[in-house]
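To keep things clear, I will list the structure first and then write my remarks on it.
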Amino acid sequence: MLAVNGVFKTFNRGTVNEKTALHNVNLHLKEGDFVTLIGGNGAGKSTLLNCIAGLHEVDSGSILIDGKDVTKLPEHKRAGILGRVFQDPMEGTAANMWLEENMALAFRRGQRRTLKWGISGKERELYRTLLSRLELGLENRLNVKVGMLSGGQRQAVTLLMAILKRPKLLLLDEHTAALDPKTAAKVLALTEKFIGQEKLTTLMVIHNMRDAIRFGNRLIMMHEGRILLDIEGEAPSKSSPLRTCYSVSGRPAEPNLPMTASFCLEFFSRKTAGLFPSGGAGQKDDNQGKGKYCLPLPACAAMFHQSDCDKAAPAGG
Ligand SMILES: Nc1ncnc2c1ncn2[C@@H]1O[C@H](COP(=O)(O)OP(=O)(O)OP(=O)(O)O)[C@@H](O)[C@H]1O
Ligand SMILES: [Mg+2]
Numbered sequence: 137m138l139a140v141n142g143v144f145k146t147f148n149r150g151t152v153n154e155k156t157a158l159h160n161v162n163l164h165l166k167e168g169d170f171v172t173l174i175g176g177n178g179a180g181k182s183t184l185l186n187c188i189a190g191l192h193e194v195d196s197g198s199i200l201i202d203g204k205d206v207t208k209l210p211e212h213k214r215a216g217i218l219g220r221v222f223q224d225p226m227e228g229t230a231a232n233m234w235l236e237e238n239m240a241l242a243f244r245r246g247q248r249r250t251l252k253w254g255i256s257g258k259e260r261e262l263y264r265t266l267l268s269r270l271e272l273g274l275e276n277r278l279n280v281k282v283g284m285l286s287g288g289q290r291q292a293v294t295l296l297m298a299i300l301k302r303p304k305l306l307l308l309d310e311h312t313a314a315l316d317p318k319t320a321a322k323v324l325a326l327t328e329k330f331i332g333q334e335k336l337t338t339l340m341v342i343h344n345m346r347d348a349i350r351f352g353n354r355l356i357m358m359h360e361g362r363i364l365l366d367i368e369g370e371a372p373s374k375s376s377p378l379r380t381c382y383s384v385s386g387r388p389a390e391p392n393l394p395m396t397a398s399f400c401l402e403f404f405s406r407k408t409a410g411l412f413p414s415g416g417a418g419q420k421d422d423n424q425g426k427g428k429y430c431l432p433l434p435a436c437a438a439m440f441h442q443s444d445c446d447k448a449a450p451a452g453g
């Protein structure tokens, strides 16, 4: 569904501000993949999404969406096959337009422009039904200016607008980061619901390690423009080693585990210390020597907290 092949992107080349934001990034998403993407500030997450969306041209490499090479395609020509939600709730909707007009914009995206801009009763009914999926009562507020909605309401509407035409690929860039925790949780739950119902192929940048593990079927970690980790597997269930470790250690899942170099170092030192099985049943490390590891998610998650378990439940105890 998505193929990012050997993509490099450097900003301000040849100046003191030169910055290689993407360094030989290879990423392949299968249809229906729901991938969470984590990494520290400046890791290159947004740059990767922006390159996929066509906001930035890549220096080299190629990007294919649904088998079509879009590397040279301008942003507006990719818009029809992509859904996007950004971090800023102000970005995805038109504040000075009514809610029903925003819905109509999203609904008519990719259609031929006509002078007929009226919204029919039938359309209005459809928008009401769609908005009711948000469970925010917005179906009764079609004639409110979107600028009057709260950040969370706006982000929920943006999400709905992004999936309205069932995009080939949904790109979410920390779309809940600007919301208060309760609203963020609600928008994330909606996100999961929509992705599940519509079976959308999704790449979701998220800064919270716990959510990154909780959502999706695959987790990718970026650091300094490279993909360091690519963990594929089932989302951890209640009985997974991850949960077990948390409950054994009596410590909640770290809500904001810093995705820093030291975190990555810790990961790799544990791997080299033998805490990470290499090879063995169910293991996949198809990119050996390139700094990318594929481990089943529960196994990997357990490894992150192995030391906590050791402390709380000494061997033999
Ligand atoms: N338009 C730009 N011009 C110049 N440099 C840029 C531009 N966009 C990103 N960069 C640089 O590229 C690097 C990667 O930035 P990017 O925004 O992709 O990081 P990120 O992983 O999304 O970080 P954050 O978690 O802070 O959002 C950073 O060093 C950033 O300063
Ligand atoms: Mg970013």
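For the sequence shown, my numbering begins at 137 and goes up steadily by one. Where a beta carbon is used, it is the ideal one built from N, C-alpha and C, also for glycine.
### Task
Apply the 10 Å Cβ neighbour rule to residue 310 and answer buried if 16 or more other Cβ atoms are within range, or exposed otherwise.
buried
### Message
In whole angstroms, give me the CA-to-CA distance for residue 336 and residue 147.
### Response
31 Å
### Message
Check whether the region 285-300 and the region 224-231 touch, using three or more Cβ-Cβ pairs below 8 Å as the test.
### Response
yes
### Task
With distances taken Cα to Cα, identify the nearest neighbour of residue 165 among 209, 355, 260 and 272.
355
### Query
So is residue 193 buried or exposed if we call it buried at 16+ other beta carbons inside 10 Å?
exposed
### Message
Which residue wins for smallest C-alpha separation from residue 137, given the options 169, 154, 153 and 152?
### Response
169
### Query
Among the residues of its own chain, which have a CB less than 6 Å from the CB of residue 330, if the five just before and after it don't count?
299
### Query
Do you know offhand how far residue 183's Cα is from residue 350's?
24 Å
### Task
Report the three-state DSSP secondary structure of residue 347 (helix, strand or coil).
helix
#### Entry: Short Cβ contact (8 Å threshold) for residue 218 with residue 189
yes
### Query
How many Å lie between residue 263 and residue 151 at the Cα?
50 Å
#### Entry: Unbroken stretches of the alpha helix (DSSP H), 4 residues or longer, contained in the region 291-366
317-334 and 345-350
#### Entry: Whether residue 358 touches residue 181 by CB criterion (8 Å)
yes
### Burial state of residue 312, where buried means 16 or more other Cβ atoms lie within 10 Å
buried
### Task
State the Cα-Cα distance for the pair residue 317 and residue 142, rounded to the nearest angstrom.
37 Å
### Message
I'd like to know whether the C-beta atoms of residue 304 and residue 199 end up nearer to each other than 8 Å.
### Response
no
### Task
From the DSSP output, in three-state form, read off residue 144 for me.
strand
### Query
Hey, would you say the C-beta of residue 310 is under 7 Å away from at least one heavy atom of ligand 2?
yes
### Query
With 16 other CB atoms within 10 Å as the buried threshold, where does residue 254 fall?
exposed
### Query
Any idea if residue 205 is buried or exposed, counting beta-carbon neighbours within 10 angstroms, 16 or more meaning buried?
exposed
### Query
Helix or strand or just coil, what does DSSP make of residue 214?
helix
### Message
For residue 362 and residue 293, what's the separation of their Cα atoms in angstroms?
### Response
33 Å
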